[in-house]
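> I'd like to ask you about the structure that follows.
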């Protein structure tokens, strides 16, 4: 090994405006860190806080709908709640948690010491955090976004003076989403470069863990999808604030252009959300079945196929807009087609569990729950590809039921599987299994109680985004049931939060490899040292770590290898001396701080604020550029 | 495309230690999965440009969709365009790409004097183009074209405006490199920094070729 002779604690900086910060403990270290693991934890915690906020918004919606003609919220407040609920869950929960897991585990799984661009990584986190705070600050600055998470024009793009949407909500929404897009794009580029360039020796693409593969596909989708919605949002902001006519029908503008742009982003976005979940269960199911993933290459190629087909189905969100028979037939067929790679994966997961020695840990239960609920969501999804049926279901609770089965039952269950699976690696202690099972069953029951009745309500005609309904339409009982279910979900999330906090200090010590894992992150101590790997591993096969521990006898039974622990001890004995790590930096924070300031300038039309924002941004950028390498 | 093929000698040998992530300028170490084709920074730049392609692609699509569909009055492209003038500024922008190539070649062989010369020339050519755009915007404004006059005004100003902003960012980038070079912070060893800026610059030029063709050269529909 030819390591640079520097201690982990950083060498003396030579030039630049300020010395590079050196603390790797304490509050300051969290502001300046470039360690992918700390950034991963920051993403996770931030997203969980936003999960609670988005959850509170959902509960308020459900309280309002508990009985006919509810009076908990006004129509205006209700619009803000469903808009912010959707926006929060998609952009501030689903995406950041996946990025957090990716940050923490992509380098560990491919045997790297960090991501390709540690400072850009931190920049991406700050932009997402500030983007979220920017969006939420709208509640105190004249009202939150209220045009739906999709923000259809011309409602959102009608000029401020027209009074169609009171308040500055749509401006906060457009600018906030642009900021979040910048953050996601930087982290996506970072992931792609990391996966392509930073793999350890022997880690060929087809030996990578499926989670890494799925995050790679997600990163490509992000890089190509986000700029399209950015353009749509820029047009909305211009229409509202400068008098352009992009979506003004009276001047020849076409609101359908907005829908096309939004859903060309919006449908790949659905896969940006779900593919990380598929990646997580592709890790947990083999570990808890003690079998390799059934049909690894098929799972990988299905993921890639979803990544490509995901670009050809966007107009199924627009079947009710009158696109014409050719277009709707083509998009209907493409939508049926994309069910195939998705269905294939479900059989792969079932094949993995089949005849395995299944250990029903909390993580495994969430993974199995994922398969069941995601399949249900997939089935109702296929009904949307049948155009006449979809036209009937559009804008009813049936659609709400469908995407909550996919994103709540699918994504969130997979994320919980990931929490229970990886928490021991991140914090070195196990999550409590009893609380974990309570967490699972309450979530499973609450989720089905909440979202299953919505199928019926939708087919019986209850429209989405309507703040109250009359009595006597036959919707009363199910709506009460749904509200009860939503509070069971809230209790379940609370159980998880308690579990996570208590287990951090009181949980059983995890050790390196509590689950008898298959991938490289389990070969190093928990929590991992700052430098991850004392010696960069070299892999010879898929699931290399597993085959360092086990071999098979003639009948295919697993036989432990005695030498398995030797390398782990060598890794643990290393004190990290002589490993060169990038130093922390102030400037990602400074530079990211400039963006929301520019955002406020765009919302409130203030040149002075814009100048301040630009100065902060440029100062951060130049100080970053001339910062010494370490 | 000499830019892309520039030697890539920094890929560390297989089995060596990975540089614990490195975004600190040009000295990054490539990968280990059998040798990286592009260094980290260059790959990241290509990905950003791919993303930016979609950004301009969406604006250009909107322009194409709205061609000839203005319902309100206001000046039309036929009344406004001065194609010889815009062709001349476009030509200057394309020549800036040539200067950029020469600047990169100079820094790669360590000729810092010529490097600075060509770098400043690139920036001046770029600034001339932006100057032409400002003149054109002013002229159109005097003729009565506003962001809100008609769909042509909205799509034209926003699309070419964002392109102009990209050129301005490029000029600031080039001048920053020039400043670093004057301070002795940028030498032959840092030529990748110039290469990355060059990738961006050429990209912005290529986008202009598309925009110029779509807006000015394609026959104007209808009225």
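Chains as they are written, first to last, in the working numbering: chain A, 1 to 630; chain B, 631 to 853.
We put the beta carbon where it would ideally sit given N, CA and C, even for glycine.
Identify the contact partners of residue 701 (chain B) in chain A, using a Cβ-Cβ distance below 8 Å as the criterion.
Those are 250, 251, 252, listed as they occur along chain A.
> Counting C-beta neighbours from all protein chains within 10 Å, is the total for residue 57 (chain A) 16 or more, i.e. buried, or is it exposed?
So residue 57 (chain A) ends up on the buried side.
> Reducing DSSP to helix, strand and coil, say where residue 539 (chain A) ends up.
Residue state, collapsed to three classes: coil.
> Using a C-beta to C-beta distance shorter than 9 Å, which residues of chain A count as neighbours of residue 689 (chain B)?
231, 234, 235, listed in chain order.
> Is the CB of residue 6 (chain A) under 8 Å away from at least one CB in chain B?
Unreliable placement is indicated for residue 6 (chain A), whose pLDDT of 37 sits below 50; the coordinate value is still reported in the next sentence. So no, residue 6 (chain A) is outside the interface.
> Would you mind working out which of A:130, A:369, A:450, A:443 sits nearest residue 410 (chain A), comparing C-alpha positions?
When each option's Cα is compared against that of residue 410 (chain A), the closest is A:369.
> If you measure between the beta carbons of residue 179 (chain A) and residue 127 (chain A), is that distance less than 8 Å?
It is a contact, given that the beta carbons lie within the stated cut-off.
> Would a check of beta-carbon distances place residue 681 (chain B) closer than 8 Å to chain A?
Yes - at least one Cβ of chain A is within 8 Å of the one on residue 681 (chain B).
> Smallest Cα separation from residue 48 (chain A): which of A:614, A:462, A:132, A:118?
When each option's Cα is compared against that of residue 48 (chain A), the closest is A:132.
> How do the region 339-358 of chain A and the region 300-309 of chain A stand: do at least 3 beta-carbon pairs fall below 8 Å, yes or no?
Yes, since at least three Cβ pairs between the region 339-358 of chain A and the region 300-309 of chain A fall closer than 8 Å, the two stretches touch.
> Residues of chain A with CB closer than 7 Å to the CB of residue 788 (chain B), please, in chain order.
Going along chain A in sequence order, the residues near residue 788 (chain B) (Cβ under 7 Å) are 238, 244.
> Quick check on this structure: which residue in A:294, A:42, A:65 has the alpha carbon closest to the alpha carbon of residue 457 (chain A)?
That would be A:65, whose Cα lies nearest to the Cα of residue 457 (chain A).
> Secondary structure at residue 189 (chain A), three-state DSSP: helix, strand or coil?
Residue 189 (chain A) falls in the helix class under three-state DSSP.
> Report the neighbours of residue 794 (chain B) on chain A: residues whose CB is nearer than 9 Å to its CB, in chain order.
None at all; the shortest Cβ gap to chain A is about 15 Å.
> Once you ignore the five residues that flank residue 479 (chain A) on each side, which residues in its own chain have a CB closer than 6 Å to its CB?
Contacts found: 65.
> I want to verify the contact list: residues of chain B whose CB lies under 8 Å from the CB of residue 529 (chain A), in sequence order.
Simply none; closest approach about 12 Å.
> Output the distance between the C-alpha atoms of residue 654 (chain B) and residue 523 (chain A), rounded to the nearest integer angstrom.
Residue placement at residue 654 (chain B) is poorly supported in this model, since its pLDDT is 38, which falls under 50; the coordinates are not used for a value here.
> Is the shortest distance between the beta-carbon of residue 612 (chain A) and the beta-carbons of chain B less than 8 Å?
Closer than 8 Å: no.
> Checking 8 Å against the spacing of the C-beta atoms, do residue 54 (chain A) and residue 93 (chain A) come in under that value?
In this structure, residue 93 (chain A) lies closer than 8 Å to residue 54 (chain A) by Cβ.
> Would you say residue 578 (chain A) touches the ligand COA, meaning its beta carbon is less than 7 Å from a heavy atom?
Of the ligands one can find in the structure shown there are none, so the ligand COA has no counterpart to examine.
> If we count the other Cβ atoms within 10 Å of its Cβ and call it buried at 16 or more, is residue 819 (chain B) buried or exposed?
Exposed, by the Cβ-count rule.
> Starting from the beta carbon of residue 261 (chain A), find every residue of chain B whose beta carbon is closer than 7 Å, and list them in chain order.
Correct list: 688.
> Report the rounded CA-to-CA distance for residue 265 (chain A) versus residue 755 (chain B), giving the unit in angstroms.
For residue 265 (chain A) and residue 755 (chain B), the distance between alpha carbons rounds to 36 Å.
> For residue 613 (chain A), is the classification buried or exposed, using 16 other Cβ atoms within 10 angstroms of its Cβ as the cut-off for buried?
Buried, since its Cβ has 16 or more Cβ neighbours within 10 Å.
> Figure out for me which residue from A:97, A:561, A:96, A:259 has the closest Cα to the Cα of residue 153 (chain A).
The candidate whose alpha carbon is nearest that of residue 153 (chain A) is A:259.
> Using a C-beta to C-beta distance shorter than 7 Å, which residues of chain A count as neighbours of residue 736 (chain B)?
Within 7 Å Cβ-Cβ: nothing; residue 736 (chain B) doesn't reach chain A, min ~21 Å.
> Counting only C-beta atoms, is residue 778 (chain B) closer than 8 Å to chain A at any point?
Chain A, which has a Cβ nearer than 8 Å to the Cβ of residue 778 (chain B), makes this yes.
> Please specify which runs of the alpha helix (DSSP H), each continuous and at least 4 residues long, are wholly inside the region 739-809 of chain B, giving them in chain order.
Correct list: 742-772.
> With DSSP as the reference, identify every bridge partner of residue 558 (chain A), one or two as the case may be.
Answer is A:552, bridged to residue 558 (chain A).
> Short check: CB of residue 176 (chain A) to CB of residue 134 (chain A), under 8 Å?
Yes, these two residues count as a Cβ contact at 8 Å.
> Since residue 45 (chain A) is in the alpha helix (DSSP H), which residue starts that stretch and which ends it?
First-last of the alpha helix (DSSP H) with residue 45 (chain A): 36-65.
> Which residues in the same chain have their Cβ closer than 8 Å to the Cβ of residue 600 (chain A), if we skip the five residues on either side of it in sequence?
Taken in chain order, the residues that qualify are 134, 606, 609, 613.
> With H, G and I counted as helix, E and B as strand and the rest as coil, what does DSSP make of residue 255 (chain A)?
Residue state, collapsed to three classes: helix.
> From which residue to which residue does the alpha helix (DSSP H) around residue 516 (chain A) run?
First-last for residue 516 (chain A): undefined, no H or E at that position.
> Tell me which residues share the same chain as residue 843 (chain B) and place their Cβ nearer than 8 Å to its Cβ, disregarding the 5 neighbours each side in the sequence.
Same-chain partners within the cutoff: there are none.
> In angstroms, rounded to a whole number, what distance separates the CA positions of residue 552 (chain A) and residue 340 (chain A)?
Whole-angstrom Cα-Cα distance: 34 Å.
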